[in-house]
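Trainee:
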């Protein structure tokens with residue numbers, strides 16, 4: 001373990017390796033024997049749980065209810081929406097049999113050919129098809145609308161190149177699916193959920209995001225509009241962190257879902273879907289962490305404060321514990337998660353490095369001299385600043401510090417992001433600079449050809465038409481044609 | 001909808017049909033187009049969420065941490081533990097391919113034969129194998145123990161005959177998997193989790209359970225001991241509601257998981273696993289509900305109190321709302337979930353029947369005359385008793401009533417259960433009576449032969465060796481041989 005702490009690759013050396021190392025060393029996740037599928041370890045899962053619980057509250061506050069739809073989708077469902085099947089058919093895990101039998105040599109099991117399914121089933125890559133097939137039975141009149149369901153579940157997209165949290169064959173996510181009587185209401189819902197995601201990312205994860213709308217090429221398969229939040233990682237690459245789709249009447253038409261409007265006339269239902277996944281863990285890690293390990297926002301840290309007494313002998317141990325107990329209790333009463341680590345089987349230096357690696361936001365250390373002087377040492381993980389302060393008022397100081405760290409890491413990330421958004425009008429310059437990361441605010445003629453050329457030349461893609469920047473007239477730097485809009489272009493995860 | 005309310009089958013007519021009807025009519029769940037898989041609707045899922053959140057708290061209070069392991073398990077893993085594969089091979093959903101492609105006629109998608117997996121993957125029916133394969137990497141020394149992980153997830157067991165919640169091909173559950181240094185510690189853990197389940201069932205679900213240990217035949221595939229909680233439904237049948245397994249060193253041996261003990265010698269790790277599933281929803285429904293619909297324990301009811309004002313015209317509506325608002329606020333402040341239903345698009349009679357069907361524990365109704373008299377009508381769902389009471393002190397009355405209902409439905413179910421536990425020493429009598437339901441406390445010679453004969457003759461099975469009843473000496477009623485123990489025998493779900 002002590003060795004592991006030292007072995008973390010430096011970001012400047014190899015950012016990608018640093019990320020992979022950190023995920024493992026901070027006990028967040030590890031590869032499983034199943035290709036592209038990971039094990040989320042307890043410490044990583046505790047962070048995900050906090051994210052999930054907060055998002056869940058925010059969804060419910062907008063009137064969304066949770067439900068659960070089947071894992072398996074009949075193959076034929078996928079084909080009903082033409083764009084949808086194009087988008088997902090190439091990465092589907094397919095269930096073809098429902099039984100194993102003992103192999104002839106008796107030493108193992110083989111698929112039982114007699115137990116072949118009549119129609120193959122797909123492990124859901126996303127659930128629009130099965131949900132709209134279900135909504136058909138739920139929706140008859142305008143009185144049945146809106147329907148706003150969400151499910152927290154696992155999905156499977158067979159990816160060829162995987163990275164923990166960022167791109168895995170199986171991942172955990174939530175998918176919201178709403179049904180509305182009017183186009184306006186559905187569009188407003190898709191935009192509302194984008195705002196929920198943005199608020200969560202910024203206020204809880206401390207991750208600044210650009211909100212915007214995707215180009216047609218980058219849309220969700222089957223959507224009329226895909227809204228996105230795009231975060232910038234420390235290497236300047238974009239990470240699409242959440243998407244919300246206005247699906248129009250596409251799925252209603254594919255699954256024949258109509259309602260009688262107030263004039264008693266049948267109309268197709270309007271739809272949205274929206275999702276965030278364990279990918280957010282990747283955004284969280286890559287936005288804040290450093291060469292010593294994780295840096296976690298206090299609001300999502302499984303342990304917010306660790307208190308380490310440094311003692312010689314049981315008397316001092318007891319004296320420190322007695323002194324610190326009221327602090328622990330008061331912090332806990334105020335809702336702060338505190339770990340009191342007075343274990344004697346690890347050296348303090350080891351503990352310090354381990355809690356830094358794990359991103360615990362605040363560390364308090366107290367030793368014999370502190371007892372005499374009525375002082376305590378406070379370390380904040382985000383800046384690694386250490387300070388010896390009076391023991392009096394330590395509870396309030398820690399509470400304020402947690403707030404300050406939450407704010408500080410967001411501001412720091414936002415400053416970094418803002419410093420790496422470049423306006424660029426020259427394609428040669430763009431090609432040169434985009435390799436080093438950053439978001440490029442460029443005029444675009446709105447054609448797929450230009451989009452494809454940029455991708456081919458630079459691997460960078462149009463991330464979105466951002467809402468935060470003014471739409472000025474201009475010339476497309478690639479085609480030289482008049483621009484349709486300004487977009488953010490970047491290399492991405 | 002109004003029609004649906006009336007169409008609920010009576011329990012006395014057809015208990016099984018009543019259950020199926022109720023699940024659908026109370027908006028708990030419905031069949032999906034995928035064989036044996038259900039859609040859990042928002043109202044049903046809200047109950048499951050409450051169950052899950054409470055259980056999760058109770059698990060964490062014992063030191064258990066949540067994690068997440070892959071959905072898919074390599075086929076070869078299953079074969080490693082001989083009993084385990086025997087138990088699960090016959091009901092495995094098998095993934096054989098990872099891609100679809102456009103069919104030749106261009107109108108659909110087919111499995112791409114070029115995308116065949118080298119080794120088939122099984123959708124987890126339970127996760128001992130993949131988890132113990134993972135634990136191998138986590139456990140080296142006694143210092144790494146115990147490990148206590150739980151996951152909330154979906155599992156798949158391809159069932160031929162399915163019923164909503166009770167037996168479905170896909171279901172939601174939690175599976176705890178713990179690893180220990182000693183046999184004693186693992187046995188104690190398995191028993192501790194059984195106690196957690198029993199406490200949850202009785203205090204939260206209001207479902208009395210018999211705790212006991214399974215016969216060898218009825219054990220979990222791969223366990224040395226399976227502990228169980230058995231509940232009695234209103235038709236006298238048993239419902240196995242949760243199980244906790246002492247797995248010995250079986251999985252540690254199959255996956256070669258050893259640790260260095262304090263003497264630095266390698267030993268195999270001791271294991272437990274334990275789980276409850278959406279099956280608990282079936283137990284909840286069948287224990288308390290009646291011919292008018294669901295009866296829910298207040299602690300798990302998504303809506304605990306519904307308040308229906310009865311008004312003519314907007315003035316009276318406003319006056320009632322003004323009068324009731326402080327009650328709603330005070331109840332909500334004290335943690336009670338209140339629905340204020342002043343919608344004017346449904347008649348009061350319809351609302352009453354609907355909330356009865358949905359099992360809302362307490363209904364308050366207030367009309368114009370109540371306003372004049374400063375009274376309010378209180379209805380409790382468990383007994384359907386209605387009472388007009390003074391408006392003063394209504395908040396405290398409702399709070400007390402919720403507690404009383406929670407207690408009352410448990411006592412009622414316990415009395416029913418206790419009245420239907422029969423001591424029986426005569427096999428002819430047993431065969432006659434067991435058809436009508438009930439738990440039969442009988443002496444058993446401990447042989448598989450006797451167990452098999454009882455099952456063949458009566459469809460009843462040995463549910464458990466119950467802890468609550470004294471183990472008296474006696475004679476096996478089937479074989480006439482001296483008994484090894486006393487067991488509970490019953491027909492079951």
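Residue numbers (our numbering), protein chains in the order written: chain A, 1 to 493; chain B, 1 to 493. Beta carbons are placed, not taken as given, at the ideal position from N, Cα and C, and that holds for glycine. None of the values given here were measured: they were computed from a predicted structure.
Between which two residues does the beta strand (DSSP E) holding residue 309 (chain A) run?
Mentor: Taken as a continuous stretch (DSSP letters only), the beta strand (DSSP E) holding residue 309 (chain A) covers 305-309.
Trainee: Is it the case that the segment 174-186 of chain B contacts the segment 268-283 of chain B, given that we only count it when at least three CB pairs across the two stretches are under 8 angstroms?
Mentor: Enough Cβ pairs lie closer than 8 angstroms, so yes.
Trainee: Which residue wins for smallest C-alpha separation from residue 213 (chain B), given the options B:194, B:46 and B:199?
Mentor: The shortest C-alpha separation from residue 213 (chain B) is found at B:194.
Trainee: Does residue 296 (chain B) have its Cβ less than 8 angstroms from a Cβ in chain A?
Mentor: Answer no: the Cβ-Cβ gap between residue 296 (chain B) and chain A never drops below 8 angstroms.
Trainee: Counting contacts by CB-CB distance shorter than 8 angstroms, is residue 513 (chain A) in contact with chain B?
Mentor: Beyond the ends of chain A as shown, which are 1 and 493, falls residue 513 (chain A); an answer cannot be given.
Trainee: Output the distance between the C-alpha atoms of residue 489 (chain B) and residue 432 (chain B), rounded to the nearest integer angstrom.
Mentor: One C-alpha to the other measures close to 13 angstroms.
Trainee: Can you round the beta-carbon distance between residue 40 (chain A) and residue 29 (chain A) to whole angstroms, since I take them to be within the 8 angstroms contact cut?
Mentor: Yes, they are in contact, since the Cβ atoms of residue 40 (chain A) and residue 29 (chain A) sit about 5 angstroms apart, within 8 angstroms.
Trainee: Between residue 464 (chain B) and residue 79 (chain B), what straight-line distance do the alpha-carbon atoms span, to the nearest angstrom?
Mentor: Looking at the two C-alpha atoms, the distance is approximately 28 angstroms.
Trainee: For residue 172 (chain A), return the contacting residues in chain B, with the cut-off set at a CB-CB distance below 8 angstroms.
Mentor: The answer, in chain order, is 68.
Trainee: Would you mind stating whether residue 443 (chain A) and residue 397 (chain A) have Cβ atoms separated by less than 8 angstroms?
Mentor: It is not a contact, given that the beta carbons lie outside the stated cut-off.
Trainee: Using the beta-carbon of each residue, which ones in chain A are nearer than 8 angstroms to residue 123 (chain B)?
Mentor: Under the 8 angstroms cutoff, chain A gives 71, 95 and 123.
Trainee: Got a sec: which bits of the segment 70-92 of chain B sit with their beta carbon under 9 angstroms from any beta carbon on chain A, in order along the chain?
Mentor: Within the segment 70-92 of chain B, the qualifying residues are 70, 71, 72, 73, 74, 75, 76, 77, 78, 79, 85, 86, 88, 89, 90, 91 and 92.
Trainee: Do you know offhand how far residue 85 (chain B)'s Cα is from residue 459 (chain B)'s?
Mentor: Straight-line Cα distance between these residues: approximately 25 angstroms.
Trainee: Ignore the nearest five residues each way along the sequence and tell me which others in residue 70 (chain A)'s own chain have a CB closer than 8 angstroms to its CB.
Mentor: Cβ neighbours of residue 70 (chain A) beyond the five flanking positions: 124 and 130.
Trainee: Using beta carbons (cut-off 8 angstroms, strictly below), is residue 7 (chain B) in contact with chain A?
Mentor: For residue 7 (chain B), the answer is no, since every Cβ of chain A falls outside 8 angstroms of its Cβ.
Trainee: For residue 389 (chain B), which of helix, strand or coil comes out of DSSP?
Mentor: Of the three classes helix, strand and coil, the one that applies to residue 389 (chain B) here is strand, per DSSP.
Trainee: Determine the chain B residues that contact residue 109 (chain A) at a beta-carbon separation under 8 angstroms, and present them in chain order.
Mentor: Those within 8 angstroms of residue 109 (chain A) in chain B are 75, 78, 79, 85 and 89.
Trainee: Could you say which of B:149, B:169, B:229 and B:13 lies nearest to residue 466 (chain B) if we only look at CA atoms?
Mentor: If we check each option's Cα against that of residue 466 (chain B), B:229 comes out closest.
Trainee: Is residue 351 (chain A) helix, strand or coil when you go by DSSP?
Mentor: In the structure shown, residue 351 (chain A) sits in a helix (DSSP, three-state: H, G or I).
Trainee: Just the C-alpha distance for residue 518 (chain A) and residue 313 (chain A), rounded to the nearest angstrom, thanks.
Mentor: Since the displayed chain A opens at 1 and closes at 493, residue 518 (chain A) lies outside it and no answer follows.
Trainee: Could you tell me which residues DSSP puts in a beta bridge with residue 502 (chain A)?
Mentor: Any answer about residue 502 (chain A) is impossible in this case: the structure gives chain A only from 1 up to 493.
Trainee: What would DSSP say about residue 1 (chain A), mapped onto helix, strand or coil?
Mentor: Bear in mind that a pLDDT of 44 at residue 1 (chain A), under 50, signals an unreliable position, so the number given afterwards is only what the model happens to contain. In this structure, residue 1 (chain A) counts as coil in the three-state DSSP scheme.
Trainee: Could you list which residues in chain B have their beta carbon closer than 7 angstroms to that of residue 135 (chain A), in chain order?
Mentor: Those within 7 angstroms of residue 135 (chain A) in chain B number zero; the least Cβ separation is about 10 angstroms.
Trainee: Tell me whether residue 490 (chain B) sits in a helix, a strand or coil according to DSSP, three-state version.
Mentor: The answer is strand: DSSP assigns residue 490 (chain B) an E or B state.
Trainee: I'd like to know whether the C-beta of residue 432 (chain B) is nearer than 8 angstroms to at least one C-beta of chain E.
Mentor: The chain inventory of the structure shown lacks chain E, comprising the protein chains A and B.
Trainee: Straight-line CA distance for residue 291 (chain A) to residue 247 (chain B)?
Mentor: For residue 291 (chain A) and residue 247 (chain B), the distance between alpha carbons rounds to 42 angstroms.
Trainee: State the start and end residues of the unbroken beta strand (DSSP E) segment that holds residue 226 (chain A).
Mentor: Counting along the chain, the beta strand (DSSP E) containing residue 226 (chain A) begins and ends at 225-232.
Trainee: Can you confirm whether residue 23 (chain B), when its beta carbon is compared against all beta carbons of chain A, has any partner nearer than 8 angstroms?
Mentor: By this cut-off, residue 23 (chain B) is not an interface position.
Trainee: In whole angstroms, what is the alpha-carbon distance linking residue 303 (chain B) and residue 17 (chain B)?
Mentor: Distance between the alpha carbons of residue 303 (chain B) and residue 17 (chain B) is about 26 angstroms.
Trainee: Runs of 4 residues minimum, wholly inside the segment 14-49 of chain B: which ones carry the alpha helix (DSSP H) assignment?
Mentor: Runs found: 15-25.
Trainee: At the level of alpha carbons, what is the spacing between residue 189 (chain B) and residue 209 (chain B)?
Mentor: Near 19 angstroms, if we compare the C-alpha coordinates of residue 209 (chain B) and residue 189 (chain B).
Trainee: Between residue 492 (chain A) and residue 237 (chain A), is the Cβ-Cβ spacing less than 8 angstroms?
Mentor: In contact: residue 492 (chain A) and residue 237 (chain A) (Cβ atoms closer than 8 angstroms).
Trainee: Buried or exposed for residue 373 (chain A), going by 16 or more other Cβ atoms inside 10 Å?
Mentor: Residue 373 (chain A) comes out exposed.
Trainee: Under a CB-based cut-off of 8 angstroms, is residue 32 (chain A) close to chain B?
Mentor: So yes, residue 32 (chain A) belongs to the interface.
Trainee: Under 6 angstroms Cβ to Cβ from residue 382 (chain B), same chain only, skipping five residues before and after it: list those, please.
Mentor: Hits under 6 angstroms: 295, 405, 408 and 409.
Trainee: Short of 6 angstroms in beta carbon distance, which residues of its chain neighbour residue 207 (chain A), apart from the five on each side in sequence? Order them along the chain.
Mentor: Excluding positions up to five away in sequence, the list reads 201, 231, 283 and 287.
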